[in-house]
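Enquirer: Add 5 to the 1-based position in the sequence shown for this note's numbering, that's all there is to it. Glycine is no exception: its CB is placed at the ideal position from the N, C-alpha and C atoms. Values in this document were obtained by computation on a predicted structure and should not be read as measured data.
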Amino acid sequence: MPQRTGELPPFKKPKLASTTLPLASGSRRAMLLTTPGTKRHPSSSSLSSSSSSSSIGIDSQRRSLPIFQARGTLLGQLRTLDCAVLIGETGSGKTTQIPQYLYEGGIGRQGIVAVTQPRRVAAISLATRVSDEKKNELGKLVGYTVRFEDLTSDETKIKFLTDGMLLREAIGDPLMHKYSVVILDEAHERTIHTDVLFGVVKAAQKKRKELGKLPLKVIVMSATMDVDLFSHYFNGAPVLYLEGRQHPIQIFYTKQSQSDYLQAALVTVFQIHQEATYSQDILVFLTGQEEIEAMTKTCRDIAKHLPDGCPQMVVMPLYASLPYSQQLRVFQVAPKGYRKVILSTNIAETSITIAGIKYVVDTGMVKAKKYTPQSGLEVLAVQRISKAQAWQRAGRAGREESGFCYRLYTEDEFEKFDKMTVPEIQR
Ligand SMILES: Nc1ncnc2c1ncn2[C@@H]1O[C@H](COP(=O)(O)OP(=O)(O)O)[C@@H](O)[C@H]1O
Ligand SMILES: [Mg+2]
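(1) Does DSSP put ASP423 in a helix, a strand or coil?
(2) Regarding GLU191 and ligand 3, is the C-beta to nearest heavy atom distance less than 7 Å?
(3) Buried or exposed for PHE235, going by 16 or more other Cβ atoms inside 10 Å?
(4) Smallest Cα separation from CYS315: which of LYS424, ASN351, HIS278?
(5) What is the rounded straight-line gap between the Cα of ARG412 and the Cα of ARG114?
(6) For the 8 Å Cβ check, are there 3 or more pairs between the stretch 92 to 111 and the stretch 134 to 148?
(7) Taking all protein chains shown into account, do 16 or more other C-beta atoms lie within 10 angstroms of the C-beta of TYR258, making it buried, or fewer, making it exposed?
(8) Report buried or exposed for GLN74, applying the criterion of at least 16 other Cβ atoms within 10 angstroms of its Cβ.
(9) What separation, rounded to the nearest whole angstrom, lies between the Cα atoms of MET181 and ASP155?
(10) Looking at the secondary structure, which residues open and close the alpha helix (DSSP H) in which GLY361 lies?
(11) How about GLN263 and TYR414: are their beta carbons less than 8 Å apart?
(12) What ranges does the beta strand (DSSP E) occupy inside the stretch 333 to 390, keeping only unbroken runs of at least 3 residues that lie completely in it?
(13) Below 8 Å, how does it come out for the stretch 318 to 330 and the stretch 125 to 135: are there three or more Cβ pairs, yes or no?
(14) Please state the DSSP three-state secondary structure of SER185.
(15) If I follow the unbroken beta strand (DSSP E) through THR121, where does it start and stop?
(16) Three or more C-beta pairs under 8 Å: does that hold for the stretch 198 to 210 against the stretch 365 to 375?
(17) Counting only C-beta atoms, is LEU166 closer than 8 Å to chain D at any point?
(18) For PRO340, is the classification buried or exposed, using 16 other Cβ atoms within 10 angstroms of its Cβ as the cut-off for buried?
(19) Considering just the uninterrupted stretch of the alpha helix (DSSP H) at GLN317, what are its terminal residues?
(20) Return the bridge partner residues of GLU154 from the DSSP annotation.
(21) Please state whether DSSP places LEU311 in a helix, a strand or coil.
(22) For GLY110, which residues in the same chain have their Cβ closer than 6 Å to its Cβ, ignoring the five residues on either side in sequence?
(23) For ILE347, which residues from the same chain have a beta carbon less than 6 Å from its beta carbon, with the 5 sequence-adjacent residues on both sides left out?
(24) If the criterion is Cβ atoms closer than 8 Å, does the pair ARG398 and PHE290 meet it?
(25) Tell me the start and end of each unbroken alpha helix (DSSP H) in the stretch 194 to 279 that is at least 4 residues and wholly inside, in chain order.
(26) What are the start and end residues of the beta strand (DSSP E) that includes THR282?
(27) At the level of alpha carbons, what is the spacing between PRO179 and LEU311?
(28) Cβ atoms of VAL225 and LEU189: under 8 Å apart, would you say?
(29) Between the beta-carbon of ALA108 and the beta-carbon of LYS164, is there less than 8 Å?
(30) Excluding sequence positions up to five away, which residues of its chain have a Cβ less than 6 Å from the Cβ of GLU416?
(31) Would you report the Cα separation of ALA281 and VAL244, rounded to the nearest angstrom?
(32) Just to check my reading of the structure: THR303 and GLY96 have Cβ atoms closer than 8 Å, yes? What is that Cβ distance to the nearest angstrom?
(33) State buried or exposed for ASP168, treating a residue as buried only when at least 16 other CB atoms are found within 10 Å of its CB.
(34) Suppose contacts are defined by Cβ-Cβ distances below 8 Å. Is THR196 in contact with MET170 by that definition?
(35) Could you tell me whether any non-hydrogen atom of ligand 2 is closer than 7 Å to the CB of SER356?
(36) Apart from the five residues on each side of it in sequence, which residues of its chain come closer than 6 Å, Cβ to Cβ, to LYS218?
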């Protein structure tokens with residue numbers, strides 16, 4: 006059991022980093038959709054309490070998203086294109102806004118707009134959010150379909166579903182008749198389901214065109230990825246870049262390699278906790294449920310015995326199998342005098358955006374599916390993240406103002422990480 010008197014792993018001098026991964030250059034048909042310098046920060050003064058509070062109003066929250074300024078241009082582009090690749094920083098509003106823009110712009114009204122998500126929880130939480138924004142009951146205009154749960158109706162025009170579910174549907178109906186637009190979201194995660202869907206959707210689109218049926222529009226969305234690869238696969242589809250709202254982030258690496266990343270994470274969290282203002286929240290990236298539950302308990306125990314003058318702490322776990330009501334808690338603002346500490350799997354990397362995070366603690370580890378040829382089995386193994394993932398994680402700290410990312414590995418170790426996450430199909 007880690008001790009509470011541990012020392013912060015020595016960190017090297019910070020580096021100022023721009024957290025957007027240098028996207029593959031040479032996309033001839035790329036477009037920048039908003040101009041730098043026009044970003045608005047309506048909530049920067051009331052950091053950490055803004056995003057989910059109802060006082061601001063859900064409509065003005067929508068309008069303050071970076072994507073809003075590109076709405077007209079985007080709609081113009083998406084109206085004419087059969088395929089498009091849309092790249093934008095996490096939290097810029099791709100997943101929640103694009104389906105609504107399409108609907109509001111009357112694009113694809115003849116059918117349903119499908120939005121795929123690699124994770125069940127993301128599908129549910131996004132559908133809930135979008136139906137709230139549309140001021141509509143969930144399951145009516147906006148619905149979701151995940152395994153064992155289908156909350157859609159005849160009225161449903163925007164449907165969030167797991168990539169696995171869409172794949173299942175496509176087996177029964179390869180032309181995907183129901184859908185007018187398919188948005189393949191979080192494409193960089195390269196799950197087997199999404200990867201296979203690329204092929205299925207491409208074939209459906211082609212076949213429908215040949216048969217003179219309702220055209221199928223395909224939009225591939227991601228925070229970061231090998232754009233050229235995807236664009237090439239979809240017959241040179243244009244890449245639309247969305248200017249995000251990203252503030253500088255100081256990156257710290259440990260001086261020495263850490264043998265126990267859990268201990269290192271724990272010590273780092275409490276060190277930050279004792280030094281930073283309480284309103285600045287901490288997001289810690291860990292690997293899985295058991296580890297997160299154990300760490301949550303340890304943090305709560307330690308937090309009970311902190312010296313006077315230290316802020317209070319609310320510790321919240323976040324992982325895919327956590328009951329939905331508990332997952333929603335991470336969006337709530339911590340009470341006055343409390344710091345929110347979220348212990349999460351890679352789910353908080355791109356699929357869920359949490360407001361108010363100033364500090365990110367990155368263990369550099371992730372639990373991912375891996376195929377072992379010896380046994381012929383698929384196992385979930387803890388492994389190193391890719392550089393792209395490390396940048397995504399760091400980016401979570403700079404959403405509303407400048408932030409800090411503590412990487413619990415050395416810079417040399419980081420340099421050895423893979424550039425991109427290896428597609429699941431190749432693991
Ligand atoms: N369930 C939710 N509750 C509160 N706010 C949310 C929820 N889901 C999304 N948001 C807000 O909507 C914004 C846009 O999110 P999203 O469309 O998922 O961005 P992207 O897909 O570009 O990463 C987020 O920054 C967040 O503040
Ligand atoms: Mg998204």
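Expert: Reading from the atomic positions:
(1) Here the question's residue 423 lines up with position 418 in the sequence shown. It is coil, neither helix nor strand.
(2) Judged by which ligands are present, ligand 3 is missing from the structure shown, whose ligands are ligand 1 and ligand 2.
(3) Locating residue 235 in the sequence shown gives position 230, where the first residue counts as 1. Its Cβ being crowded by 16 or more others within 10 Å, PHE235 is buried.
(4) Translated into positions along the sequence shown, residue 315 becomes position 310. Nearest Cα to CYS315 within the set LYS424, ASN351, HIS278: HIS278.
(5) Locating residue 412 in the sequence shown gives position 407, counting from the first residue. Locating residue 114 in the sequence shown gives position 109, counting from the first residue. Inter-residue distance for ARG412 and ARG114 is about 46 Å (C-alpha atoms, whole angstroms).
(6) These segments touch.
(7) As a first step, residue 258 is located in the sequence shown; it is residue number 253 there, counting from the start. When all chains shown are included, TYR258 counts as buried.
(8) Within the sequence shown, the letter at position 69 stands for residue 74. By the neighbour-count criterion, in which a residue is buried when 16 or more other Cβ atoms sit within 10 angstroms of its Cβ, GLN74 is buried.
(9) As a working note, residue 181 is residue 176 in the sequence shown. As a working note, residue 155 is residue 150 in the sequence shown. Looking at the backbone, the Cα of MET181 and that of ASP155 are separated by about 17 Å.
(10) Working through the sequence shown from its first residue, we reach residue 361 at position 356. Premise fails: GLY361 is in no alpha helix (DSSP H) and is neither H nor E.
(11) Here the question's residue 263 lines up with position 258 in the sequence shown. Here the question's residue 414 lines up with position 409 in the sequence shown. A contact, by the Cβ cut-off of 8 Å.
(12) Runs of the beta strand (DSSP E) inside the stretch 333 to 390: 343 to 349, 362 to 367, 370 to 377, 382 to 389.
(13) The stretch 318 to 330 is in contact with the stretch 125 to 135.
(14) As a position in the sequence shown, residue 185 is number 180, starting the count at 1. The DSSP-derived three-state label of SER185 is strand.
(15) Stepping through the sequence shown from its first residue, residue 121 is reached at position 116. THR121: member of the beta strand (DSSP E) spanning 117 to 122, first to last residue.
(16) Pairwise C-beta distances place the stretch 198 to 210 out of contact with the stretch 365 to 375, as fewer than three of them are shorter than 8 Å.
(17) Any reference to chain D falls outside this structure, which holds one protein chain only.
(18) Locating residue 340 in the sequence shown gives position 335, where the first residue counts as 1. With fewer than 16 Cβ atoms within 10 Å of its Cβ, PRO340 is classed as exposed.
(19) For this step, residue 317 is matched to residue 312 along the sequence shown. Element bounds for GLN317: not the alpha helix (DSSP H) but the beta strand (DSSP E), 317 to 323.
(20) As a working note, residue 154 is residue 149 in the sequence shown. In DSSP, GLU154 forms a bridge with VAL151.
(21) In the sequence shown, the residue the question calls residue 311 occupies position 306. Residue state for LEU311 is assigned as coil, using DSSP reduced to three classes.
(22) Locating residue 110 in the sequence shown gives position 105, where the first residue counts as 1. Excluding positions up to five away in sequence, the list reads LEU80.
(23) As a working mapping, residue 347 is identified with position 342 in the sequence shown. Correct list, in chain order: LEU288, MET321, LEU323, VAL335.
(24) Against the sequence shown, residue 398 aligns to sequence position 393. Against the sequence shown, residue 290 aligns to sequence position 285. Between ARG398 and PHE290, the C-beta spacing is below 8 Å.
(25) DSSP runs (the alpha helix (DSSP H)) wholly in the stretch 194 to 279: 197 to 215, 232 to 238.
(26) Working through the sequence shown from its first residue, we reach residue 282 at position 277. Counted as a single uninterrupted DSSP element, the stretch harbouring THR282 is not any beta strand (DSSP E), since DSSP gives it neither H nor E.
(27) Against the sequence shown, residue 179 aligns to sequence position 174. Against the sequence shown, residue 311 aligns to sequence position 306. Looking at the two C-alpha atoms, the distance is approximately 59 Å.
(28) If you number the sequence shown from 1, residue 189 lands on position 184. If you number the sequence shown from 1, residue 225 lands on position 220. A distance below 8 Å separates the beta carbons of LEU189 and VAL225.
(29) Translated into the one-based positions of the sequence shown, residue 108 becomes position 103. Translated into the one-based positions of the sequence shown, residue 164 becomes position 159. The question names Ala, yet the displayed sequence has Tyr at residue 108. For the pair TYR108 and LYS164, the CB atoms are not nearer than the 8 Å cut-off.
(30) Locating residue 416 in the sequence shown gives position 411, counting from the first residue. The beta carbon of GLU416 sits closer than 6 Å to the beta carbons of TYR258 from its chain, once the five residues preceding and following it are set aside; these are given in chain order.
(31) The sequence position of residue 281 within the sequence shown is 276, counting from 1. The sequence position of residue 244 within the sequence shown is 239, counting from 1. Using only the alpha carbons, I get a separation of about 40 Å.
(32) Start at 1 with the first residue of the sequence shown, and residue 303 comes out as number 298. Start at 1 with the first residue of the sequence shown, and residue 96 comes out as number 91. 29 Å between Cβ atoms; not a contact.
(33) Stepping through the sequence shown from its first residue, residue 168 is reached at position 163. Result: buried.
(34) Residue 196 sits at position 191 when you count from the first residue of the sequence shown. Residue 170 sits at position 165 when you count from the first residue of the sequence shown. In this structure, THR196 sits away from MET170, with a CB-CB distance that is not shorter than 8 Å.
(35) Against the sequence shown, residue 356 aligns to sequence position 351. At least one heavy atom of ligand 2 lies closer than 7 Å to the C-beta of SER356.
(36) As a position in the sequence shown, residue 218 is number 213, starting the count at 1. The beta carbon of LYS218 lies closer than 6 Å to none in the same chain, with the five residues before and after it left out.
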